[in-house]
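Residues 16 to 433 (the numbering used here) are what the sequence shown spells out, left to right.
For every residue, glycine included, the Cβ atom is placed at its ideal position computed from N, Cα and C.
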Amino acid sequence: EESTKNIVKTASVAVGSLKDTEFDIRFNPDVYSPGIRHSDSLDPPLSKQKQLVKDAAEFLLTVQIPTFIKGLLDHSSAPMDGVTLSEAMHNRGINIRYLGKVTNLLAKVKQLEYLHSIAVAELILRSAKHIFTVYLQGCEMMNLSVAIAHFLNCFFYSGVVANPLQNVDEFQSKTNKKRNKRRGRANPLSCNDNNEWATLTPKSLWTQIRQELKAYFDYDLGAGDVEGIVETFGLQKISLLRGFCLKTGIQILLRDYNLDSKNKLIFFEEDILNVFPIVKHINPRATDAYNFYTTGQSKIQQGYLKDGYELINEALNLLNNVYGAMHPEIAQCLRMIARLNYIMGEHGEAMAYQQKAVLMSERVNGIDHPYTITEYAHLALYCFANSQISTALKLLYRARYLAVIVCGENHPEVALLD
16 EESTKNIVKT ASVAVGSLKD TEFDIRFNPD VYSPGIRHSD SLDPPLSKQK
66 QLVKDAAEFL LTVQIPTFIK GLLDHSSAPM DGVTLSEAMH NRGINIRYLG
116 KVTNLLAKVK QLEYLHSIAV AELILRSAKH IFTVYLQGCE MMNLSVAIAH
166 FLNCFFYSGV VANPLQNVDE FQSKTNKKRN KRRGRANPLS CNDNNEWATL
216 TPKSLWTQIR QELKAYFDYD LGAGDVEGIV ETFGLQKISL LRGFCLKTGI
266 QILLRDYNLD SKNKLIFFEE DILNVFPIVK HINPRATDAY NFYTTGQSKI
316 QQGYLKDGYE LINEALNLLN NVYGAMHPEI AQCLRMIARL NYIMGEHGEA
366 MAYQQKAVLM SERVNGIDHP YTITEYAHLA LYCFANSQIS TALKLLYRAR
416 YLAVIVCGEN HPEVALLD
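Written out as structure tokens, the structure reads:
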């Protein structure tokens, strides 16, 4: 009895447990928060809690992040954009605040050049989003579309961006003169405190982005303006625009934007159609269905295709009962069933299931999401197996077109499609 207690005590001390009698490892996320005052009589003491957080951070930096980079070198998963890169990091338990560290490590690996570009783009977009959120606070509702267009111009245009309020003032003065006279006050748009947003210039915006990158992600960008950054890191402006709109919920008019324009503004007030709220939330998981799915996967890896097929079908039924008709996990399940049918020689069945997976992925993930691109490629393969050559080619062209928009030409996925 006594020796057992001693063994547990020694082991608890070795792993930094908060209690001596049992393994109690709980991380307090507030220990280093500057705005929080901690009680002096904390149990366990604050020093112990701080040490645990330090150990976790050290483990992430010395073990988890290098392992993540090694995993990417195997090309077992090749993230296509910032969203899939963030997912891959979260799956390994790496917080997004380490993205700067990950990016610096990616820069040292020649084979992962394409991923380095994606990571830099994600860093820039996240910093721009932080600045954009603050920027919108100072805008009147009536000026919202002008302000957003102005921000986008400062972000993507390297020329001189004129003060956007000149045109607005003309419009205002015609409509509001009488009303303002009657109320006996000045034009609401020409009061100085609300028009700070109009003073933003491309130079000041990129200076803010560089400061935000250094403060938040500890990353030095180096290049000065959008042209320099696109040149240095091999980024595409269209991918940056897509990422920024997805992050901030801006809906812009569908037209051909000349993003490389040197002497004419790119965005105008009428291009901004809507702003949607972007809500962070946890996706709860249907655990029973997930267990069936993973068991099915391991059965397939052992070579028991029929057993695996039945288990994954069972998972699909459970997912339909839990989530309803549409859900990203259902699309994933359908893709797996289609693949099994294809391996077992049921090409017609495979195509039918994959068609459902494509439609569902378009609905729940979006028409240009990396998962949807993968679904298109799979459907093309099954169409080819069913001798529908022209359909297969159309699908491959579509997948390639979307992949080039999302991640550019120098990505393994595009080479695979070619």
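For the pair TYR386 and ALA372, the Cα-to-Cα distance works out to about 10 Å. The region 268-284 makes no contact with the region 297-315; the number of CB pairs closer than 8 Å stays below 3. Non-local beta-carbon contacts of CYS169 in its own chain, meaning distances under 7 Å to residues more than five positions away in sequence, involve VAL176, LEU215, THR216, PRO217, LEU220 in chain order. Segment contact: the region 387-405 against the region 414-433, three or more CB-CB distances shorter than 8 Å; contact assigned.
Checking the DSSP bridge columns, you'll see GLN266 partnered with ASN289.
In this structure, TYR357 keeps its C-beta atom at 7 Å or more from the C-beta atom of TYR412. ILE315 places its beta carbon 7 Å or farther from that of ILE352. Taking every protein chain shown into account, the CB of ALA430 has fewer than 16 other CB atoms within 10 angstroms, so this residue is exposed. With a threshold of 16 other beta carbon atoms within 10 Å, PRO60 falls short and is exposed. Residue state for MET156 is assigned as helix, using DSSP reduced to three classes. Inter-residue distance for LEU228 and THR118 is about 12 Å (C-alpha atoms, whole angstroms). MET366 has its alpha-carbon roughly 13 Å from the corresponding atom of ILE404.
Excluding its 5 nearest sequence neighbours in each direction, TYR308 has C-beta neighbours in its own chain below 7 Å: ILE327, ALA330, CYS348, listed in chain order.
Boundaries of the alpha helix (DSSP H) around GLU246: 241-248.
Secondary structure of ALA238 (DSSP, three-state): coil. Nearest in C-alpha terms to MET375, of all of ASN306, HIS384, ALA346, is ALA346. DSSP assignment within the region 47-117 yields the following whole alpha helix (DSSP H) runs of 4 residues or more, N-terminal first: 61-74, 80-88, 97-106.
The C-beta distance from PHE232 to LEU114 rounds to 6 Å, short enough to fall under 8 Å. Scanning its chain for C-beta atoms nearer than 7 Å, with the 5 sequence neighbours on each side dropped, one finds around GLY264 the residues VAL290, PHE291, PRO292, ILE293, in chain order.
With respect to the C-alpha of LEU100, the residue from ILE163, LEU138, GLU242, ASP70 having the closest C-alpha is LEU138. According to the DSSP assignment, VAL373 belongs to the alpha helix (DSSP H) that extends over 362-379. Straight-line measurement puts the Cα of LYS63 at about 43 Å from the Cα of GLY311. Put simply, the backbone Cα of LEU410 is about 28 Å away from that of ALA136.
CA-to-CA, the gap between GLN223 and ILE146 works out to about 8 Å.
Residue environment for GLY97: buried (at least 16 other C-beta atoms within 10 angstroms of its C-beta).
Taking the C-beta atoms as reference points, ALA392 is found no nearer than 7 Å to ALA407. Between the alpha carbons of HIS90 and ARG52 lies a distance of about 45 Å. ILE382 is classed as exposed because its beta carbon has fewer than 16 other beta carbons within 10 Å across all chains shown. Here the alpha carbons of ASN178 and GLU211 stand approximately 11 Å from one another. Per DSSP, ASP433 is not a residue of any alpha helix (DSSP H), being assigned neither H nor E. If only uninterrupted alpha helix (DSSP H) runs of at least 4 residues are considered, those enclosed by the region 284-331 are 302-317. DSSP places GLY258 within a helical segment (H, G or I) once states are collapsed to three.
In terms of Cβ geometry, LYS262 and LEU167 do not form a close pair [threshold 7 Å]. When C-alpha distances from ASN278 are compared across GLY174, PHE248, ASN380, the shortest belongs to GLY174. In this model, CYS422 and ALA304 are separated by some 32 Å (Cα to Cα).
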